[in-house]
Each structure stands twice: as structure tokens, then as C-alpha cells.
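Q: Below is one structure. I have some questions about it.
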Amino acid sequence: MAGVIVASCSSQLPHFGKPIDANDGFIVIAHRGASGYLPEHTIEAAQLAIEQGAHYIEQDLVLTSDDILVVLHDIHIETVTNVEDVFPSRARKDGRYYAIDFTLAELKQLRVHERQNNQQEQVYPDRYSGDGVFRIATFDEHIKRVSKHNITNQAFVGIYPEIKAPEWHLTQGKDIALALYDTLEKNQLNRSDTNIYVQSFEPKSLQYLRHELGLNVKLVQLIGENSWTESSADYDYLKSEAGLAFIATYAQGIGPWMPQLYDFDSSFMHPLAEHAKKVGLAIHPYTFRKDALPDGYSAARVMKIMHNDIQVDGIFTDHTDTVLSWLETNKAD
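Note that my numbering has the sequence shown beginning at 2, numbered continuously upward.
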């Protein structure tokens, strides 16, 4: 499939052509980069995922106090950085450290480490435990890294950003959806022919991007559970046939939690995927982790269920290499 190289006379702009239709259209999305091997969302994790063969690299986005989009999974930063050591007095009254309270220059002073729990233990104990120096990266830095790879290698790796907590950002006086739009516009990436998906748990933010700001890239509605209090959205409604038809008015796909597609305890296949396909929505579930599989399931069995039985269109994974290896082995299945 031919790609589109965007260039100017003086410099090369980000190169995001049409994605290659590999694996019968099934795409592998590197969840927070190669987060199964290196600290999540770092440039190094993104680079490793590219080298492993990911079709898309995910970037979760939050804003700094000086309005820069940085790549972090949460609005809080103490679980993945040494902020408590560098800026011990900067926590809010709730004891949390918020990215939005720091400038980019301040965040760049921090070291990124493997995600930790409240006891400062690694959430995934068998993952990276070295003492490498990793830093918080900006969205622009991620775009440039993927673009450089694509230009150098005539490749088609895409980006898959998520705007985190848009409603919360608005309470802090910041419009993160607009910041994303402006960044894509600045990089001449607000085009329907780019291999870019933008995702959010908040339907209103996606509708705002599509209908008010005029974002032209593909949109994906993430689907959580109401009990997670991820946003004000009613996910029970969004999972219904009427809700999916509504999503199809502004988005091209859904990002459901894997157990919303398949009950791993009872081996019951939920009708969500069937209903989504009826209204033309792509299905990209989250998250395949070879070190956090459902009880009693192998990595191969989970992949077979998602790829062969439910026939999803792609998958978010911390382990790109494992998914691609399974796809290669099971081409003929």
C-alpha cells in the first residue's frame, strides 16, 4: 500500500502515511510503548515497541502547568517518578502530585521508573528493575521519534494518543482536547488519511473534537465500567445497541475492556462485539499482558479468543513481540 510522505522545502514534517494492511488488517497497539520491558511511556519504551514491530504506539496525554502535552498515563505522577524526592513539598492536600502543577522544565528533572503501588512495590514485579535514567517525554517528542523512524525506514508506524481526564482538566482551567487538536494541526496531521487514532473515555470530548474543532483523524470511544468513575459517561448505555449506534455518529471504533467482550470465568462471549460490528465500529480491546493473564488462561488461548473467535480488529498490549509471534504462528488458522 502506498504511503503519504508529508514534506516541506526546508524540513521534513511528521510522516504518517496510510497503515499497511498486515495480518488481515489486525493491528497491534503498543500499550504505553513496550511497557512490558521498559518504564511506560518513555521514549525508550516507544522506540523498543517500534523495533518489535508495533503498528501503533499509544501515548496517554496530560497537560503541564505551562500547557505542554506530556506522555503520562495518569494526572498524578508519584507512582511512576521520583517526584517525592525531587519536589517533596509540592503535593496537594490529598497527598498526590499532579503533573498539571509542574512546568515541563520541572518534570524533565524527574526520573521515570516502573509503576509502583502505594507500598512503593512494582505493580509488575518481573518487569524492568534496572537503574536506567528515563525521563518524561512530550507528545511532540513522541511524534518526532515515530516520524523519524517512518521517514528513515519508509515505514508506516502510527500513533494512538489518548487525552486523559478532559473533564478534570477543564476544572483546572485547561482544555486538553484543544491542546491535542492544536498539536496535530501544527504538525500537519489533522487529516483523515493519516494512520492516527485519538481515543478518550469521555464521549463529550470526542464529539467536541469531531464536531466543534473539526478533527479529521479516526476517533475511538474507550469503554470503561461505571464503577471505575473514569468519567461522567454512562458506560452501561454505551455498551448497549443504542449506545453503540450513538458512538458510530462521531467515532470509528471502540476500545472495550477485554472482559466486556468475554467473561473469562464463565467462558461466555458477550454480544458487545457483534453489536459494534453491525454499526461499523472497529474493536480494539485493552489490555493483553502476558504477565497478567486471566486465571487458567495461556497467552495463546487469550489471543485465539480475541483474534479468531471474537474477531476483533486489533489489540492493546504491553507485549508487542508476544502478540506478533502468535499472529505469525497462527496465520493459517
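For every residue, glycine included, the Cβ atom is placed at its ideal position computed from N, Cα and C.
Is it the case that the Cβ atoms of T80 and T104 are separated by a distance below 8 Å?
A: No, Cβ-Cβ distance for T80 and T104 is not below 8 Å.
Q: Relative to the C-alpha of I28, which candidate in K332, N331, T330, L325 has its C-alpha closest?
A: Checking every option, the nearest Cα to that of I28 belongs to L325.
Q: Under the rule that 16 or more other beta-carbon atoms within 10 Å means buried, what is Q60, buried or exposed?
A: By the 10 Å Cβ count, Q60 comes out buried.
Q: Grab me the residues of Q53's own chain with a C-beta within less than 8 Å of its C-beta, minus the 5 sequence neighbours each way, in chain order.
A: Cβ within range, chain order: A31, A35, T321, D322, L325.
Q: Does the distance from the CB of Y182 to the CB of L216 come in under 8 Å?
A: Yes; because the gap between Cβ atoms is below 8 Å, this pair is in contact.
Q: Counting pairs of Cβ atoms below 8 Å between the region 227-237 and the region 174-181, do you hit three or more?
A: Result no; under three Cβ-Cβ pairs closer than 8 Å.
Q: If you follow the alpha helix (DSSP H) that Q222 is in, where does it begin and where does it stop?
A: First-last for Q222: 219-224, but that is the beta strand (DSSP E), not the alpha helix (DSSP H).
Q: Which residue comes first and which comes last in the alpha helix (DSSP H) that contains D61?
A: Looking at the DSSP string, D61 is not in any alpha helix (DSSP H); the run it does join, the beta strand (DSSP E), is 57-64.
Q: Around the C-beta of P286, are 16 or more other C-beta atoms found within 10 angstroms, so that it is buried, or is it exposed?
A: Answer is buried; the Cβ neighbour count reaches 16.
Q: Measure from the alpha carbon of T250 to the alpha carbon of each residue in Y236, Q222, A274, P260, then state which is nearest.
A: Comparing Cα-Cα distances from T250 to each of Y236, Q222, A274, P260, the minimum goes to Q222.
Q: How many angstroms separate the CA atom of K332 from the CA atom of A274?
A: Going from the Cα of K332 to the Cα of A274 covers about 22 Å.
Q: Can you check which of these residues, V147, H212, N154, I152, is closest to Y161 by C-alpha distance?
A: When each option's Cα is compared against that of Y161, the closest is V147.
Q: Residues bridged to P257 by DSSP?
A: For P257, which the question treats as bridged, DSSP gives the partners I224.
Q: Given 8 Å as the limit, is there contact between the region 119-129 and the region 168-176, that is, 3 or more CB pairs closer than that?
A: No contact exists between the region 119-129 and the region 168-176.
Q: Spell out the partners DSSP gives E163 in its beta bridges.
A: Its beta-bridge partners are D61, Q200.
Q: Nearest to D75 by CA position, among I44, R97, I51, L214, is which residue?
A: Closest option to D75, Cα to Cα, is R97.
Q: Once the 5 residues before and after Q261 are set aside, which same chain residues still bring their CB inside 7 Å of it?
A: Answer for Q261: I224, K240, H271, L273, listed in chain order.
Q: If you run the structure through DSSP and keep just helix, strand and coil, what is A252?
A: A252 falls in the coil class under three-state DSSP.
Q: Mind checking whether A138 and T43 have CB atoms under 8 Å apart?
A: Against a cut-off of 8 Å, the Cβ pair of T43 and A138 comes out as a contact.
Q: Do G37 and R290 have their C-beta atoms closer together than 8 Å?
A: The answer is yes: Cβ separation under 8 Å.
Q: Just to confirm my understanding: we take E231, look at its own chain, exclude 5 residues before and 5 after, and list those with CB closer than 7 Å. What are they?
A: For E231, where only same-chain residues beyond five positions count, the Cβ hits under 7 Å are F202, G225.
Q: Tell me the rounded alpha-carbon separation between D102 and L111.
A: Approximately 14 Å between the Cα atoms of the pair.
Q: First and last residue of the beta strand (DSSP E) that includes F103?
A: Element bounds for F103: n/a, residue is neither H nor E.
Q: Assuming L49 contacts L39 under a Cβ cut-off of 8 Å, what Cβ separation, rounded to an integer in Å, is found between them?
A: That belief holds up - the Cβ atoms of L49 and L39 are roughly 6 Å apart, short of 8 Å.
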